[in-house]
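If you want the working numbering, it's the 1-based position in the sequence shown plus 5. Cβ coordinates follow ideal geometry from the N, Cα and C atoms, glycine included. Single-structure report; data block below.
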Amino acid sequence: MMCVIAHPDDECFAFGGALGLAADLGVETYVVCLTDGQAATHRGDAVSGEELGSIRRKEFAASCSVLGVAHHELLDHPDAELEFADFSVIAGRLVKRMRRFKPDVVITFGADGGLNTHNDHTMVSALTTAAFHWAGRVKRYPTMGPVFQPKRLFHATTNFFIPGRPVPLPLPWTVKLDIRAVQERKAKAFRMHVSQGPVMETTRKLFEQYGNEEFYALMAEAGTKPARLSDDLFEGLSE
Ligand SMILES: [Zn+2]
């Protein structure tokens, strides 16, 4: 399973349950993060953007390790500026990685930008969705390795909002994951992001109330069929 995110800490607060459950199932996971999070509101003890980026790289690695992520990679696109970046270049980098890693399942944010409606999250959603479809097409990025079509694309969605923040327009979910088995691991991964401590404080109660589930919407899959509800991202996929 490949998970594409915008910032260090997205992997735990948004996808930590799915990543932890996948690791427990023996699924090989790969998280690609497009920025090093230099533009964050909360900056810890960092005196420069560069220093914050370097701190957050280490926090990202520690969090991935807690979640049992097999491979993680942080790309160097400028934080908070993905909407101005070259779409084709970043989509190509994702196509290349999908063709190399050959994930069955790809997960990313929804077009709403997630719980905090971040522009970068919306861009990651669009970029990953394009890359998912283009990875399997011979005419797209012919120099980026042999084509490979991942089987399923999911966008993250939600059953709650953050009070006082702009309200996203989330997708209706098709998958409800019971993440209680890995909930503590998800919280621990979050705690690895020491520089983002204040975010943890402001969202602690919400995650206590709603944090035993994660919600996803199936966005693409081979074949034609009506939408169905599931509790498993890997349902029906063989080895
Ligand atoms: Zn983010």
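With distance defined between alpha-carbon atoms, name the residue in E16, A51, A90 nearest to S70.
Nearest Cα to S70 within the set E16, A51, A90: E16.
Taking 8 Å as the cut-off, is the C-beta of I10 nearer than that to any heavy atom in ligand 1?
The answer is yes for I10.
What ranges does the alpha helix (DSSP H) occupy inside the segment 13-39, keeping only unbroken runs of at least 4 residues that lie completely in it?
Complete alpha helix (DSSP H) runs here, min 4: 15-18, 21-29.
Assigned secondary structure, D183 (DSSP; H/G/I helix, E/B strand, else coil):
Correct three-state label for D183: strand.
Would you mind giving the Cβ-Cβ distance between P177 and A222, rounded to the nearest angstrom? I have them listed as a contact below 8 Å.
So it is a contact: roughly 7 Å between Cβ atoms.
Are there 16 or more other CB atoms within 10 angstroms of the CB of T163, so buried, or fewer, so exposed?
When all chains shown are included, T163 counts as buried.
Continuous alpha helix (DSSP H) stretch holding F106: start and end
Element bounds for F106: 92-106.
Pair every Cβ in the segment 208-228 with every Cβ in the segment 167-187, then say whether three or more of these pairs are closer than 8 Å.
Touching, per the Cβ criterion.
How close, in whole Å, do the beta carbons of N121 and I167 come, if the pair is a contact with beta carbons under 8 Å?
Rounded to whole angstroms, the Cβ separation of N121 and I167 is 7 Å, and the two are in contact under 8 Å.
Rounded to whole angstroms, how far is the Cβ of L39 from the Cβ of L87, which I believe are closer than 8 Å?
Right, the Cβ-Cβ distance comes to about 6 Å (below 8 Å), so this counts as a contact.
What is the residue span of the alpha helix (DSSP H) that T134 lies within?
Segment 124-139, the alpha helix (DSSP H) holding T134.
Within 10 angstroms of the Cβ of Q214, are there 16 or more other Cβ atoms? Answer buried if so, exposed if not.
Result: exposed.
DSSP three-state assignment for R157, whether helix, strand or coil
R157: strand per DSSP, three-state reduction.
Would you kindly work out how many angstroms separate the C-alpha atoms of F195 and L24, rounded to a whole number?
Each residue's Cα considered, the two are about 13 Å apart.
Leaving out five residues on either side along the sequence, give the residues of the same chain with a beta carbon under 8 Å from the beta carbon of A3.
The displayed coordinates of the chain run from 6 to 244. Any statement about residue 3 would go beyond what the structure contains.
Counting Cβ pairs closer than 8 Å, one from the segment 223-238 and one from the segment 61-68, do we hit at least three?
The way I'd put it, the segment 223-238 doesn't touch the segment 61-68; fewer than three beta-carbon pairs between them come closer than 8 Å.
What are the residues that DSSP puts in a beta bridge with C69?
Residue pairing by DSSP leaves C69 without any beta bridge partner.
Classification of R98 by the beta-carbon crowding that lies within 10 angstroms, buried from 16 upward
The residue is buried, with at least 16 neighbouring Cβ atoms inside 10 Å.
Let me check one thing: in DSSP terms, what residues is L223 bridge-paired to?
Within the DSSP secondary-structure output, L223 pairs in a beta bridge with F159.
Would you kindly check if the distance between the Cβ of R190 and the Cβ of L72 is under 9 Å?
R190 is positioned such that its CB atom lies closer than 9 Å to that of L72.
Per DSSP, which residues does L79 bridge with? Please list them.
Its beta-bridge partners are C38.
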